[in-house]
Amino acid sequence: MDPVVVIDFETTGLSPDMGDRATEIAAVFIRDGRIVDQYQSLMNAGVRIPSFIEHLTGISNAMVREAPPASQVMAEVADFVGDYPLVAHNASFDRKFWDAELARIGRRTPQAFACSMLVSRRVLPQAPNHKLGTLVEYAGLPVTGRYHRAQADAEMAAYLTLYLERALMERFGLQAVSHDLLGRIQRTAKTQLENCIARYGGAAAGSG
């Protein structure tokens, strides 16, 4: 696979348009089929974390009060990511906060996002559901920490991304899986999956 960075945010709510802010971010760099580097930090955006979010994530208001400013953290993680393409589980959520938090510091990044949740719906349709925890258990992947903390979720999403890469290579005889292909798969109807992958050099499943 192309070098990619898997990211995960923890936040005060669901939408930056409603005033919600990030409280933690992690970024996991994948290259040559393995995790090679990571970045993680809590961040202080100057907003209060609702009690139900504290319970869900374990991130308290006291913890973020001691954290670096959100502007500093986002500048650091943007430098860490550079121009590498991004992956996230439920990427529509993380992308909203990525764009919003970077906009607050006057930065933008040009790269595309791929969504490991949407890709898994095509590659692993037989899974009980496509939540991160379910897929980690289904695929026998490492549980690296508490769910709903950014570092553990990003690490587990990275392992899932590598698992999906291997599954695609084995099922369709691909020599490599590009970030662009992941993006195409997540936008492709189930009935058109083999045709989509054939354009990237893959064979029909079960052929040979």
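The opening residue of the sequence shown carries number 1 in the UniProt record's numbering; numbering runs sequentially from there. All residues carry an ideal CB built from backbone N, CA and C; glycine is no exception. Keep in mind it's a predicted model, so treat the numbers as computed, not measured.
Here V177 is actually not in contact with L86; their C-beta atoms are around 16 Å apart, not less than 8 Å.
Looking at T134, R121 and R146, the one whose alpha-carbon comes closest to that of A189 is R121. The C-alpha of G33 lies about 6 Å from the C-alpha of L162. Listed in chain order, the alpha helix (DSSP H) elements of length 4 or more contained wholly in the segment 44-90 are 51-57, 61-65 and 70-81.
In the DSSP annotation of this structure, A114 is not part of any alpha helix (DSSP H); the continuous beta strand (DSSP E) holding it starts and ends at F113 to C115. Per the coordinates, the alpha-carbon of N61 lies some 14 Å from the alpha-carbon of P69. As a beta-bridge residue in DSSP terms, A22 pairs with T11. Contact check between the segment 47-66 and the segment 101-112: fewer than three CB pairs, one atom from each, fall below 8 Å, which does not count as touching.
Note on geometry: alpha-carbon atoms of A22 and L118 lie some 23 Å from one another. Inter-residue distance for A150 and A198 is about 35 Å (C-alpha atoms, whole angstroms).
Buried is the label assigned to N44, since at least 16 other Cβ atoms lie within 10 Å of its Cβ. Between D8 and A26, the gap from beta carbon to beta carbon is short of 7 Å. In the displayed model, D37 falls within a strand according to three-state DSSP. Taking each of L174, I30 and A103 in turn and checking the Cα distance to P16, the smallest one comes out for A103.
Distance from the CA of Y138 to the CA of R95, rounded to the nearest whole angstrom, comes to 26 Å. Around the beta carbon of S116, a 10 Å sphere encloses 16 or more other beta carbons of the protein chains shown; the residue is thus reported as buried. When secondary structure is reduced to three states using DSSP, A157 falls in the helix class. Restricting attention to G202, P142, V143 and L42, the CA atom closest to the CA of L168 is found in G202. For F80 and Q40, the gap between their C-alpha atoms comes out near 10 Å.
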